[in-house]
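Protein chains in written order, with this note's numbering: chain A, 60 to 1106; chain B, 21 to 459.
Built from N, CA and C at the ideal position, the CB exists for glycine as well.
Computed from a predicted model, the values in this text were never measured in an experiment.
Data block below; observations after.
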């Protein structure tokens, strides 16, 4: 029976349906329906959010739900008509049906998601157990059409696709055969084409994407009807299994596949390629892009590297040479050009210039051993060793049958390894709702790499945050040290604060966008990778004013017609480095945030806006001044009537503000000699305090420089609980400029939020020791020089990483002796006359690879020699010598996990600049009475009243505390998960995503008393965990909502 | 009880009577050697002619000390060579042959035993047609007494084999003796279901009397050990841990195993403390590691790459993917097809099937359905049957498979358990199907 209604009637029905739906959605008395466990290896979930609606009728006291399928109500002004404003928003009802593949049972489970407590739906209450939709053998992937009418499963063992008519909630009788076992299926939102990923075709020709026309299903006269009560193919077109596929060869083994928000481009991630592929779905989408293999779309149009430029499989600098073949590449961690992404500092041999005029540049110059070396000129070269590198030794070092430069893994004849240095392990990708960023979880690097999709370019995340971090080896956002990021869901969270003035409230608002991704890690936590935020002052000229929440998310095609789309543009990253630390900006903190408050997400715009009254609007000139003062031009932009500021973050949001901290007081170690000196000093100088206290003025010690003292600090405590300044606590901030409405026109105010982003901090102990042992230099394999006793063999010590320098101490801890025992008279000069432990101390006069040149330390005038006056000989030290190397006259700063930031690395026996070397913070030595600026923190070394002695040390524990419950800024992107129960443990197959059921957002525009609808975004995070046959769901936007289990 | 006491006394008496007589001194009741009895581990002779199956006496029907057997099966006739099948202590586990296939090492939990059997010939069969142990006078015997290693050296002061040895790996190394001769050493590594020990035993020149043993607390409830090809690094995974421990047994110049040097602990899962790892395997090059676990039911795939990509030095274990498999996997083995492609076979005990996976794509290619629960798999690479370097037939122990004629496991029936043979020739119409069963 066909239903017809006039416009008014439809509006009334909609109104009722809307209210009912909203009540149902927000109602708190909606119990979760407990059904017998029925999921069996759930692997993927898709949403039908279109024209198919499912009504649920409670039919028993236990809450059993009887489903009825129907066509969603569509109002008088359908969204696809010309109206793009609020009138279009209000008259549409959308379904919210989840469909979950169960690989082991060959079923697709159905979830009613438009409820506070999502529930599995039993499709046939008359049959024992829980009935799901039966599909082909081992369904592992599922996709739904834009209209929600069709779902398609990829069946791995069946090597087929099953097509589900969602109106009927039944699969069509005939599956579509495939030429190989699929692992993904997706449907283009733009063309409705079905794209199937097959990692290995049966004919042995490798992997491919198969593209075919999609299937559509129209509602039939059978509706409304219970599921599976009419022929699934009824009303459908395009399901013919014999329809042809277009085959697009894949360059690697497909690991994930997603479409962008408009369905124009598909992005393929590979398990064995360090890049992702971009496929245009049709000629219109392809635009100016060329198909990589010629021809027309659908085709692959571009590859985007996901790792260092010298190992991403791409010609990044356009010189026609890729990675190992590129003359600027000496290893996998480098960049192909000076402005490329790499972790080897650019030097004379990687700058693309023939620096010494010999006609040969960079790797072609035989004098180049490493890209970071400072010269190409032979007569200025350091003394590289003569060892033959692995790529010139005539040996097949990695056993792949290819030796030296015939091995494609060799970086030229100077290459030091024939092993592949490819950086792989990409697990899953996700693209945000507006196609700004693509996030890819990399299990091997325990990080999330982020791609700027507008420019199709990898973002060097650690160097693109508000403060570049030059020491990071990784290019992405490290999630957690001991856990592996497995699945990821990108999301843009949009929070609107409307102008409270009646005249402007529909068109003017300050909109905040939180850009980021939820990452499921294998430790049971879901982290929020914060890519940054955008603040936009928006005057919307599009019809209907500022877009409704539902429209923003559910109608990506219409978005470009609105001014708001100018808000969502990202500047090229990394930003100008000058935009980093600007302490002067802290003085302009006049307004903390427009979103702070009890309920910033609510419709109570007046309250929110009044609170931020001082931040409303701004003058161009004043804003410019602020931008200039804070060096913000890279981050700010004005287009037409929009003005936005982008605040990059690229970090995991912290659990607790300023949670990276010292863990308790520093522990100090007072060597006996120093304690005696200090005691004597105290005895001779009454009133200076206790000599044995670590906080004593007597003792040199690290003191806070910039962080104000708090806690129970005493005058003698020199900084109390905060002796250290974690660099991030004073460097990270975001800005949004505005002008006080009633104030002077040039009075610019700013929203400044300070944030402790201590993602670099590890839980470890940092030791600050006077004349401390350089890490890795306490060994027992030293050898005295056989011919020249000044040359001491230090074995395999890496003098570059350990930062051994001329002037340092080498102290022998072995006693002299012979192979047969005893100390001959000729060796008695090596025996301390007073038993001093450090008698055998020498100065290092020269540092070489594997050896140092020693010299004795002369006695001070008028004093007896404190140290040995003979160089060690092989006859007196015939066996391996125990020794240690200590810095001289300075403090050594090293982390138990991070080690020592030498900023150097060893290449062919020579120290060349290493990662972080260009930074002033590449430093591991601190002078007494000076400020130490290290990679992670800084401190001031109070000189003390007694000179420090060797061994005087402080050990400081640093803590960090990340969790999913990130609360640095009040934001509903924070997720408080019940981690005791939410324990996704599967890599790869655990999926999560945020969606907005947006069942309906409507009101009757003809009703005189109608209130504007509440702009509520219902975000649910769903985690599909095949290891536990469970799907976890949680309503993110309600802080106190509990996790709902579907089994 | 009284009856058992009488039987034990009778058995003791019989043993006493037989000692020195050349007859085999066993405790009754002895298991039937012409049938399988809750088979667990299995191994194939390199010739492919003979299959060795460890029967566990899991229901304790027979004598604890001699309740198990290692059935020698002719892979041509598929018959059990009962006369050449030795007894072993009960609760046998796994079996591995040494490099030159002269000795078969078998774990047995009863008495915490490692049994070192000689791989012999016989009058009615070729090399490998019998597993024997020297009797009192050195003659080949099916009595395992002189082949059981419980202490090293075998005296009261000798170091004990820790409790419940189960998995094992056997490698061959050499050392130069004082005469400048190269001495072959069988290096046997044992996992233990109880406790946290892992054990290495070095047997120089096949002389058990010259063996050395060392154990170290490395992993709780270790279940299986495998050597990474091309190295001496051992990888152990267990039932009560969430890690794979990598260690190196250090054997000194005298051929004595002196230490187990821990190289690394590889985390399998952050959430589950006990992943219940059951199987470990490497690909041929030792560049991929596979670990089958039961919590969750999954195959973990690691890639082994250089720790320092600039120099190629060190080893980094990168978790490449985790693939859901059927219920309760109990082993993992690598099969190499005639096309040179490697496939992974995971027997899933509760699901009564074997999952066949493509490690490159993570795709489950096939589920081989069985009518009983599979435990372990041995791949057949017999030159007479297979393309060189490939495997073309799989043998699968079906732990509790009862014969149709009798569902009883007693002596009146056909025993409990069988070995299924799976066709691995892609050209065969029965490819990846069970072709027959051995009972």
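Of the residues the options, the one placed nearest residue i, counting alpha carbons only
{"i": "residue 293/B", "options": "950/A, 440/A, 1081/A and 581/A", "result": "581/A"}
{"i": "residue 451/A", "options": "472/A, 438/A and 460/A", "result": "472/A"}
{"i": "residue 394/B", "options": "377/B, 126/B and 373/B", "result": "373/B"}
{"i": "residue 43/A", "options": "757/A, 573/A, 604/A and 842/A", "result": "Since the displayed chain A opens at 60 and closes at 1106, residue 43/A lies outside it and no answer follows."}
{"i": "residue 551/A", "options": "627/A, 620/A, 605/A and 597/A", "result": "627/A"}
{"i": "residue 905/A", "options": "94/A, 913/A and 992/A", "result": "913/A"}
{"i": "residue 333/A", "options": "197/A, 250/A, 398/A and 481/A", "result": "481/A"}
{"i": "residue 319/B", "options": "306/B, 326/B and 339/B", "result": "339/B"}
{"i": "residue 889/A", "options": "895/A, 881/A and 875/A", "result": "875/A"}
{"i": "residue 510/A", "options": "254/A, 631/A and 604/A", "result": "631/A"}
{"i": "residue 296/A", "options": "318/A, 308/A, 273/A and 311/A", "result": "273/A"}
Integer Cβ distance of residue i from residue j, believed to fall under 8 Å
{"i": "residue 201/A", "j": "residue 211/A", "result": "7 Å"}
{"i": "residue 633/A", "j": "residue 977/A", "result": "Rounded, the Cβ-Cβ distance is 14 Å, inconsistent with contact."}
{"i": "residue 167/A", "j": "residue 156/A", "result": "The pair is not a contact, with the Cβ atoms about 11 Å apart (cut-off 8 Å)."}
{"i": "residue 487/A", "j": "residue 545/A", "result": "7 Å"}
{"i": "residue 153/A", "j": "residue 363/A", "result": "Actually they are not in contact, since the Cβ atoms of residue 153/A and residue 363/A sit about 33 Å apart, beyond 8 Å."}
{"i": "residue 831/A", "j": "residue 945/A", "result": "6 Å"}
{"i": "residue 224/B", "j": "residue 178/B", "result": "Not quite, the Cβ-Cβ distance comes to about 16 Å (not below 8 Å), so this is no contact."}
{"i": "residue 195/B", "j": "residue 271/B", "result": "7 Å"}
{"i": "residue 907/A", "j": "residue 868/A", "result": "The pair is not a contact, with the Cβ atoms about 17 Å apart (cut-off 8 Å)."}
{"i": "residue 485/A", "j": "residue 549/A", "result": "No, residue 485/A and residue 549/A are not in contact; Cβ-Cβ is about 15 Å, not under 8 Å."}
Opposing strand residues paired with residue i [DSSP bridges]
{"i": "residue 342/B", "result": "320/B"}
{"i": "residue 75/B", "result": "59/B and 89/B"}
{"i": "residue 298/A", "result": "Paired residues: none, contrary to the question."}
{"i": "residue 333/B", "result": "328/B"}
{"i": "residue 1131/A", "result": "It is not possible to answer for residue 1131/A, since the shown part of chain A is limited to 60 through 1106."}
{"i": "residue 406/B", "result": "Looking at the DSSP assignment, residue 406/B forms no beta bridge with any residue, so it has no partner."}
{"i": "residue 606/A", "result": "None, per the DSSP bridge assignment."}
{"i": "residue 1106/A", "result": "BP columns for residue 1106/A are empty, so no partner."}
{"i": "residue 573/A", "result": "552/A and 592/A"}
{"i": "residue 251/A", "result": "In the DSSP output, where bridge partners are listed per residue, residue 251/A has none listed."}
{"i": "residue 871/A", "result": "942/A"}
Quiz item: At a Cβ cut of 7 Å, what residues of the stretch 234-264 of chain B count as close to chain E, listed as they run along the chain?
Solution: Considering every chain present, this structure includes no chain E. Its protein chains are A and B.
Exercise. Within the stretch 208-286 of chain B, note down every full beta strand (DSSP E) run reaching 3 residues or more, in order along the chain.
Key: 217-224, 232-237, 242-247, 254-258 and 263-271
Quiz item: Three or more beta-carbon pairs under 8 Å between the stretch 123-132 of chain A and the stretch 188-202 of chain A, yes or no?
Solution: no
Quiz item: Which full runs of the beta strand (DSSP E) of 3+ residues lie inside the stretch 143-196 of chain B, going along the chain?
Solution: 145-154 and 185-196
Quiz item: Using 8 Å as the threshold, is the stretch 466-485 of chain A in touch with the stretch 436-456 of chain A, meaning 3 or more CB pairs across them?
Solution: yes
Quiz prompt | the stretch 147-165 of chain B touching the stretch 70-89 of chain B, judged by at least three CB pairs closer than 8 Å | solution = yes
Quiz item: For the 8 Å Cβ check, are there 3 or more pairs between the stretch 393-404 of chain A and the stretch 415-425 of chain A?
Solution: no
Quiz prompt | Inter-stretch contact (C-beta, 8 Å, three-pair minimum) for the stretch 341-351 of chain A and the stretch 365-377 of chain A | solution = no
Practice problem: Assess, as a yes-or-no matter, whether the stretch 213-227 of chain A is touched by the stretch 173-184 of chain A under the definition of 3 or more beta carbon pairs within less than 8 Å. | Solution: no
Quiz item: Are the stretch 961-969 of chain A and the stretch 439-450 of chain A touching, with three or more C-beta to C-beta distances below 8 Å?
Solution: yes
Quiz item: Does the pairing of the stretch 182-196 of chain B with the stretch 209-220 of chain B give three or more beta-carbon distances under 8 Å?
Solution: yes
Quiz item: Do the stretch 344-357 of chain B and the stretch 326-335 of chain B touch if we need at least three Cβ pairs shorter than 8 Å?
Solution: no
Practice problem: Report yes or no: do three or more beta-carbon pairs, one from the stretch 128-138 of chain B and one from the stretch 105-113 of chain B, lie closer than 8 Å? | Solution: yes
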